[in-house]
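For the sequence shown, the numbering used here assigns the number 6 to the initial residue and increments by one for each residue that follows. The structure appears right after this line, and notes come after that.
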Amino acid sequence: LYRSGDLVRWLPDGNIEYLGRIDEQVKIRGYRIEPGEVEARLQEIKEVKNAAVIVHKEEGKDPELWGYVVADDALDMHAIREQLKEVLPSYMLPARMMQLDVLPMTKSGKLNKRALPNIVIETNDKYEEPTSEAEVLLCKYFSEVLGIDKKIGIYDNFYELGGDSIKAIIITSKMKEAGYELAIQNTLQKSTIKELAQTAVRVDELEKDLIDTVDGEIDDLEDEIFDEIASYFE
6 LYRSGDLVRW LPDGNIEYLG RIDEQVKIRG YRIEPGEVEA RLQEIKEVKN
56 AAVIVHKEEG KDPELWGYVV ADDALDMHAI REQLKEVLPS YMLPARMMQL
106 DVLPMTKSGK LNKRALPNIV IETNDKYEEP TSEAEVLLCK YFSEVLGIDK
156 KIGIYDNFYE LGGDSIKAII ITSKMKEAGY ELAIQNTLQK STIKELAQTA
206 VRVDELEKDL IDTVDGEIDD LEDEIFDEIA SYFE
């Protein structure tokens, strides 16, 4: 009726019953996403020969986009993600990506989604434990929010672990509760915990800086008032 892409039917009582989508559009974290559009952007990348994007839903967790790519040579998934970030908003980036030799197909020539392998999140092989309080907290919250059972080191990558903008907000909120101010933009831009921890500032330090700034401004104002009074009696 409204050309929205929703498939509906009129009921005898006059209400409309929603039946699904005419296309493959899905809703993830409040955003309507067409997986085919993400596939198209993946296939525009020079090294990628073929691609598939599906919606994966695990029990107790929010649905996620998973991406599969086919290429002749081994690909750096982080580099592929960086290229996608140039043409897609963060909420359309696949939470997990994997390279395959070939996409599984049905006898009719369609993508066999059930035959696609599970994408397991892998932490960095070169594990290095956190040392500062900010690094320890970030490793802890990365593990909790991203659902990682393995040890997370300071060189593990936020996006390669399944991070996205919503999870960045949650981590930023948890850091603030622990006494650290962390910009969401930094969480999205800094790839590793080590880089991100360097941007974290203790809230009490920010408050001290604010007090010092206010005190300085008051001192300057008092000097100006004193000079005005002194000039009056000259």
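Glycine included, every Cβ here is placed at the ideal spot set by N, Cα and C.
{"query": "Segment contact flag, the stretch 130 to 147 with the stretch 107 to 114, C-beta cutoff 8 Å, min 3 pairs", "result": "no"}
{"query": "Asn-55, enclosing beta strand (DSSP E) - first and last residue", "result": "55 to 61"}
{"query": "For Val-75, the three-state DSSP class (helix, strand or coil)", "result": "strand"}
{"query": "Ile-216, buried or exposed, once every other Cβ within 10 Å from all chains shown has been counted against 16", "result": "Low local confidence applies: a pLDDT of 49 at Ile-216 is under 50, so the model's placement there is unreliable, and no value is given."}
{"query": "Own chain, CB closer than 7 Å to Leu-24, minus 5 neighbours either side, in chain order", "result": "Leu-12, Val-13, Arg-14"}
{"query": "Same chain only: Cβ atoms within 6 Å of Asn-20, ignoring 5 sequence neighbours per side", "result": "none"}
{"query": "At least three beta-carbon pairs within less than 8 Å, the stretch 116 to 125 to the stretch 82 to 94", "result": "no"}
{"query": "Residue ranges of each beta strand (DSSP E) within the stretch 136 to 177, 3 or longer", "result": "none"}
{"query": "For Pro-17 and Tyr-146, the rounded distance between their alpha carbons", "result": "51 Å"}
{"query": "Nearest-angstrom beta carbon gap, Glu-69 and Ala-100 [assumed within contact, 8 Å]", "result": "4 Å"}
{"query": "DSSP three-state assignment for Ile-198, whether helix, strand or coil", "result": "helix"}
{"query": "Under the three-state DSSP convention, the category Asp-209 falls into", "result": "helix"}
{"query": "Contacts around Met-82, its chain only, beta-carbon distance under 8 Å, and the 5 residues preceding and following it disregarded", "result": "Met-102, Met-103, Gln-104, Glu-165"}
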